[in-house]
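Engineer: Got a structure for you, written out below as structure tokens; questions coming shortly.
Protein chains: 2
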Amino acid sequence: MLRREFVKTLAAGAAAPAAERPNFIVIYTDDQGYGDAGCYGARDMKTPHIDRLAAGGARFTDWHSNSPVCSPSRASLLTGKYPHKAYVPQILFSRPGFDVPGLRKGERTLPAELKKLGYRTAAFGKWHLGSAAESRPMAQGFDEWFGFYSGWTDYYSHRYYTLGGVPVFHDLWRNGKEEFRDAEYQTEMLAKEATQYIGRQKAGEPFMLYVAFGAPHYPMMAPEKYTSRFPESMDRDRRMHCAVMAAVDDAVGSIVAAVEKAKLSSTVIFYQSDNGATREERADHAGRPYRGGSNAPWKGYKGSLWEGGHRLPGILNWKGRIPAGLTPQGMGMTIDIMPTFLKWAGGSAPDGVDGMDISDWVLRGGKCPREIAYWEYEGLGAVRRGDWKLLENWREGLGTPAERGLWLVNLKDDPGESRNLAAAEPKLVAELKSELDRWKASLPPETLKPAARPGR
Amino acid sequence: MLRREFVKTLAAGAAAPAAERPNFIVIYTDDQGYGDAGCYGARDMKTPHIDRLAAGGARFTDWHSNSPVCSPSRASLLTGKYPHKAYVPQILFSRPGFDVPGLRKGERTLPAELKKLGYRTAAFGKWHLGSAAESRPMAQGFDEWFGFYSGWTDYYSHRYYTLGGVPVFHDLWRNGKEEFRDAEYQTEMLAKEATQYIGRQKAGEPFMLYVAFGAPHYPMMAPEKYTSRFPESMDRDRRMHCAVMAAVDDAVGSIVAAVEKAKLSSTVIFYQSDNGATREERADHAGRPYRGGSNAPWKGYKGSLWEGGHRLPGILNWKGRIPAGLTPQGMGMTIDIMPTFLKWAGGSAPDGVDGMDISDWVLRGGKCPREIAYWEYEGLGAVRRGDWKLLENWREGLGTPAERGLWLVNLKDDPGESRNLAAAEPKLVAELKSELDRWKASLPPETLKPAARPGR
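Protein chains in written order, with our numbering: chain A, 114 to 569; chain B, 114 to 569.
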């Protein structure tokens, strides 16, 4: 969009009636890579509804999760804080029962803060932020909850199958009660819950709805109606990945349609994946590294601090307020959602939030407020300032061996992070390393230790 | 049934037209305990179709699998040999691909021998006898095959979820080709395959159909239409176990109905479980030993050589030939099926078969031909002669620690195997121990070593 058109659109927005408190719908996918949507360059996928959502608002091309893995990414979404500060620096263990600590008691989450502002709140789908009493969705600000606590479940039987000697367990709950929805395909089941919830809402009574799809996280499976949309000649992993994403896309379509049908007040829809696509062997059907997901054009996978691990599809759609076709220049992050949404709801971010209010950037053509960003995971670190990024240790993805050292890149010149400029730029390295160290030193030290056994 | 009535029934059978070669249907369940059917004393289950099948023919109360675990039990069924002699002494590893050795090339199986006699043959369901080319169903005598190679799969998604670092894999195949039947409930899917197969058959063209249900093996899951048949107040494990068995029972009903509808020639139906109910933790949803299955009134579980591990529901139904209401006195075993069926088909057992032709026993009121029987599994041994049984080492079930020593019981006086008479009966112990040693020495020595990594 040209600057001139942008200003015109903003003027039209300004002429609209004074903003009511908007509804918020957050759609969070799981292990969807940057290259796993049509509007992000995937030519073999069909994601018309996601593409339309992006075309109707802001499609970020420099949007980042605050972690390259699941639980910490979600903790940042709901708290607006770097994962360590939310005390969820690691993937939380998945196990039966209700005793996995995660989000702490009294954490000031986005839904809890919105409730104070008069919002209704609901969460459907994957939680993975703890199943101990104080960590559950309804203890963390959600009025309603339907979904699973663990990192993933079978798409049909809603069982979690661990790899660590823990028995298979069923994991699907509505509020405090177990619910069996055997043979219902998870993505469709969650879409149904979401659209029914939207259908029950009334204009003038704002809500926040968090829909966290298990898709496209393994175990990869989809009904024939989705697989048949893609040619049998495709690579099997990729074909299934496309099918699983096709179901997500249909679900997004049904959510958008439900919003339109319900004639609600103004509704903000935010869409993000939790981390990049994975190469884990266990995601594959045949004992090979999984190759269904794509982080193209970025390097690295889930669990890595190369761009592929954390640069993600991020879409922010607010009809009449965010101009259609916007591709914001500058770096946005998951932590920004909380303070921004609280602002739009008429409130403000609580103390300790790391995220930034991006209203001016996306609503009024202002400058991206972020100058520097940090990541830390399992001994890997990264800091980004402008186009420069310094990695401290690196690896390909989750479970692959790490190499130790410093790696400096200029993402503008070398988006593939292929050339290490650390030796050539010692002064910049020293500066960025010192920034990274300062940030790491600011984190609560105890949470740098593994908080829980990994359960993925 | 009184002896007088029995003789009358036999006379009626004798007056029937000269026997054609009958069809054979073998229904094999998985981890169904002795106490897991109404006709075997379960008061909380509803298995009217299985009960009717039993009432219409022979219901064995002293029927035994030749192994307390899955793969060896199935090897004995198809070869008529003790598991070690069929070179499947252990549970076979479950893994993706087609390279798990199991049944050996050239093994003379029941379906292969029946084919020589002009039979059509088909297998639907669980195989678990190897996925290497030479071990597959179609290399071992089956014309048609639809099912899974591994020890179990999810009932809806047909994926195998290992506990040993092997990735999740899809495991459902028709002949050589993978088939996706996501969200179809396994038991119903197999019943459909079986009834369609029966519907395609013609009188005078005999067939053997092997239907191996995954049920009631974990992971325990069933549609609401089955769970709702049992009160919510029941123990959750047991309620689900009953529901899973209710689906099997409906499937048995549909198979019997298909036989009646098809107006086929005379059809023999044999029904057996592969081993006793399990106590494994991984079968449970909540990290406790599984208590859904029942081996009542017997002691021990799957993987044990107490009666509960191998004494099983065994039903043999042949309308007009086996008298209704028969409860044969004496010990029958899985290995007997092959030689008996081959006899009834007009052939005879190949060399090396350990099983016995039980025709005289079940058709003509003759004496049970077996005087002695042996078991061996993972260092446990057992020998049975009449009511006396000697155990060499013992354990509660699969994965529980074994105790070393000799344990002698008289099953008539002490069916619960509670009192060790070894010290009181040294002469009998010595005799039976020597019999057991002789039998063990007769087994191919190399197969006493673990043949494959366990995959259960």
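Note that beta-carbon positions come from the ideal geometry of N, C-alpha and C, so glycine has one too.
Leu-230/B and Gly-460/B look like a contact to me (Cβ under 8 Å); what is the Cβ gap, rounded to whole Å?
Structural biologist: 5 Å
Engineer: Tyr-487/B bridges to which residues according to DSSP?
Structural biologist: Answer is Val-496/B.
Engineer: State yes or no: is the beta carbon of Ser-346/A nearer than 8 Å to at least one beta carbon in chain D?
Structural biologist: Among the chains of the structure shown, chain D does not appear; the protein chains present are A and B.
Engineer: With a threshold of 8 Å between beta carbons, is Pro-280/A in contact with chain B?
Structural biologist: yes
Engineer: By Cβ distance below 8 Å, which residues in the same chain neighbour Gln-314/A in space, the five residues on each side in sequence not counted?
Structural biologist: Cβ within range, chain order: Asn-136, Arg-233, Phe-320, Ala-375, Leu-377.
Engineer: Taking Asp-397/A as the query, report the chain B residues whose CB atoms sit under 9 Å from its CB, ordered along the chain.
Structural biologist: Pro-209, Pro-280, Val-281, Phe-282
Engineer: Taking CB distances under 8 Å as the criterion, tell me whether Asp-267/B reaches chain A.
Structural biologist: yes
Engineer: Among Pro-441/B, Gln-299/B, Val-361/B, Glu-548/B, which has the Cα closest to the Cα of Ala-150/B?
Structural biologist: Val-361/B
Engineer: Pair every Cβ in the region 321-330 of chain A with every Cβ in the region 237-256 of chain A, then say whether three or more of these pairs are closer than 8 Å.
Structural biologist: Because the criterion of three Cβ pairs below 8 Å is met, the region 321-330 of chain A and the region 237-256 of chain A touch.
Engineer: Anything in the region 326-350 of chain A with a Cβ closer than 8 Å to a Cβ of chain B? List those residues in chain order, please.
Structural biologist: Hits within the stretch, in order: Tyr-331, Pro-332, Met-334, Ala-335, Pro-336, Glu-337, Thr-340.
Engineer: Go to Ser-386/A, then tell me how far its beta strand (DSSP E) extends in each direction, as first and last residue.
Structural biologist: 380-386
Engineer: Buried or exposed for Asn-288/B, please, with buried defined as at least 16 other CB atoms from any protein chain shown within 10 angstroms of its CB.
Structural biologist: exposed
Engineer: Provide the residue span of the beta strand (DSSP E) that contains Lys-502/B, from first to last.
Structural biologist: Residues 501-507.
Engineer: When the cut-off is 8 Å and only beta carbons count, does Ala-246/B lie next to chain A?
Structural biologist: no
Engineer: What does the Cβ neighbour count give for Thr-440/A, buried or exposed, with the cut at 16 atoms within 10 Å?
Structural biologist: Thr-440/A is exposed by the Cβ-count criterion.
Engineer: Output the distance between the C-alpha atoms of Leu-476/A and Lys-432/A, rounded to the nearest integer angstrom.
Structural biologist: 11 Å
Engineer: Just to confirm, is the Cβ distance from Glu-548/A to Val-496/A under 8 Å?
Structural biologist: yes
Engineer: Using CA coordinates, which residue listed in Arg-272/A, Tyr-273/A, Leu-223/A is at the minimum distance from Pro-250/A?
Structural biologist: Leu-223/A
Engineer: Taking Cβ positions only, does Tyr-274/B come closer than 8 Å to chain A?
Structural biologist: yes
Engineer: Residues of chain A with CB closer than 7 Å to the CB of Tyr-298/B, please, in chain order.
Structural biologist: Ala-296
Engineer: Measure the C-alpha to C-alpha separation of Ala-462/A and Trp-501/A and round it to an integer number of angstroms.
Structural biologist: 29 Å
Engineer: Assign Ala-124/B to one of three DSSP states: helix, strand, or coil.
Structural biologist: Its pLDDT being 44, under 50, Ala-124/B is placed unreliably by the model, and nothing is read from it.
Engineer: Please list, in chain order, the chain B residues whose beta carbon lies closer than 9 Å to that of Phe-383/A.
Structural biologist: The premise fails here: Phe-383/A is roughly 30 Å from chain B at the closest Cβ pair, so nothing lies under 9 Å.
Engineer: Could you name the residues of chain A that Phe-259/B contacts, counting a contact when the two beta carbons are closer than 9 Å?
Structural biologist: Those within 9 Å of Phe-259/B in chain A number zero; the least Cβ separation is about 17 Å.
Engineer: Under 8 Å between the Cβ atoms of Leu-205/B and Ser-184/B?
Structural biologist: yes
Engineer: Given that a residue counts as buried once 16 or more other Cβ atoms are within 10 Å of its Cβ, and exposed if not, what is Arg-401/A?
Structural biologist: exposed
Engineer: Residues of chain A with CB under 8 Å from Ser-270/B, in chain order?
Structural biologist: Asp-267, Tyr-268, Tyr-269, Ser-270, Pro-332, Met-334
Engineer: Compare the C-beta of Phe-293/B against all C-beta atoms of chain A and say whether one is closer than 8 Å.
Structural biologist: yes
Engineer: What are the residues that DSSP puts in a beta bridge with Val-361/B?
Structural biologist: In DSSP, Val-361/B forms no bridge with anything.
Engineer: Thinking just about the alpha-carbon of each residue, which of Gly-210/A, His-354/A, Thr-266/A, Ala-304/A is nearest to the one in Lys-571/A?
Structural biologist: Given a span of 114 to 569 for chain A in the structure shown, any question on residue 571/A remains unanswerable.
Engineer: How would you list, in chain order, the residues of chain A whose beta-carbon sits under 8 Å from the beta-carbon of Glu-394/B?
Structural biologist: The answer, in chain order, is Pro-280.
Engineer: Could you tell me whether the region 335-342 of chain A touches the region 352-367 of chain A, using the rule of 3 or more Cβ pairs below 8 Å?
Structural biologist: yes
Engineer: Could you check the C-alpha separation between Ala-167/B and Ser-386/A for me, to the nearest Å?
Structural biologist: Cα atoms of Ala-167/B and Ser-386/A: separation of roughly 56 Å, rounded to the nearest angstrom.
Engineer: Mind checking Arg-208/A: buried by the 16 CB within 10 Å criterion, or exposed?
Structural biologist: buried
Engineer: So, helix, strand or coil for Trp-411/A, using DSSP?
Structural biologist: coil
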